[in-house]
Amino acid sequence: MTDRFIHDVPVRWSDMDAYGHVNNARFLTLYEEARVAMFFVGARERGLGSFEEGIVIARHEIDYLKPVDFGDPVRVEMWISELRAAAFTVSYELFDDGVLASRAKSVCVPYNLAAGHPRRLTPEEKEFLLPYAGGGS
Numbered sequence: 020m021t022d023r024f025i026h027d028v029p030v031r032w033s034d035m036d037a038y039g040h041v042n043n044a045r046f047l048t049l050y051e052e053a054r055v056a057m058f059f060v061g062a063r064e065r066g067l068g069s070f071e072e073g074i075v076i077a078r079h080e081i082d083y084l085k086p087v088d089f090g091d092p093v094r095v096e097m098w099i100s101e102l103r104a105a106a107f108t109v110s111y112e113l114f115d116d117g118v119l120a121s122r123a124k125s126v127c128v129p130y131n132l133a134a135g136h137p138r139r140l141t142p143e144e145k146e147f148l149l150p151y152a153g154g155g156s
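Under this note's numbering, the first residue of the sequence shown is numbered 20, with each subsequent residue one higher.
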């Protein structure tokens, strides 16, 4: 099986809604924290800093499978479900106490923030992403 990047994300009191569950919009924040860990911390550990220069999100898609309560951190598992020359899709599964609670996808576009336009993935970025490509179940 292809590798998955796994990151535990704490659930904060501020993530909760009036019903005592993580607010649906806050799932994006939980996914974002895991994605940032992958593209900033994980990539940096492999000597790659170019993702820090800019990635924008073109699309999010989330399926909510069960409510998530305040408590222990959630585990987010990520892989690359589509890899193109100038975009890639990160797929996620979020587990609460070992139970699958949500699935999501984010279409990410490498972006030159200084010039204000999208850019292609570099060969080094593709090399970083390839071990995670196709890591779905």
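Cβ coordinates follow ideal geometry from the N, Cα and C atoms, glycine included.
Only a predicted model underlies this, so the values are computations on that prediction, with no experimental measurement involved.
Alpha-carbon to alpha-carbon, residue j and residue i
i: PHE58; j: ARG103; result: 17 Å
i: TYR151; j: GLU96; result: 11 Å
i: ARG78; j: TYR130; result: 14 Å
i: VAL30; j: TYR50; result: 11 Å
i: ALA37; j: ASP88; result: 12 Å
i: LYS124; j: THR108; result: 7 Å
i: VAL4; j: ASP116; result: Nothing in the structure corresponds to residue 4, since the chain is present only between 20 and 156.
i: GLY153; j: THR48; result: 24 Å
i: ARG23; j: TRP98; result: 5 Å
Limits of the unbroken alpha helix (DSSP H) element including residue i
i: VAL55; result: 45 to 55
Residue i, buried or exposed, once every other Cβ within 10 Å from all chains shown has been counted against 16
i: ALA142; result: The identity of residue 142 in the sequence shown is Pro, whereas the question assumes Ala. Per the 10 Å Cβ criterion, exposed.
i: TRP32; result: exposed
i: MET20; result: Note that MET20 scores 44 on pLDDT, short of 50, meaning its location in the model is unreliable; the coordinates nonetheless yield the value given after this. MET20 should be labelled exposed.
i: GLU112; result: buried
i: ALA105; result: exposed
i: ASP27; result: exposed
i: ALA133; result: exposed
i: ARG65; result: exposed
Closest residue to residue i among the options (Cα-Cα distance)
i: GLY73; options: LYS145, LEU140, GLU146, GLY153; result: LEU140
i: ASP91; options: VAL41, ALA134, GLY61, ALA123; result: VAL41
i: PRO86; options: GLU144, PHE46, ALA62; result: PHE46
i: ALA145; options: GLY68, GLU52, ASP82, ALA134; result: Here residue 145 turns out to be Lys, not Ala, going by the sequence shown. Checked all of GLY68, GLU52, ASP82, ALA134; the closest Cα to LYS145 is GLY68.
i: CYS127; options: ASP22, GLY61, ARG138; result: ARG138
i: HIS136; options: GLU80, VAL55, VAL75; result: VAL75
Segment limits, beta strand (DSSP E) that includes residue i
i: PRO129; result: 118 to 131
i: GLU112; result: 107 to 115
i: LEU102; result: 93 to 102
i: PHE147; result: Element bounds for PHE147: not the beta strand (DSSP E) but the alpha helix (DSSP H), 142 to 148.
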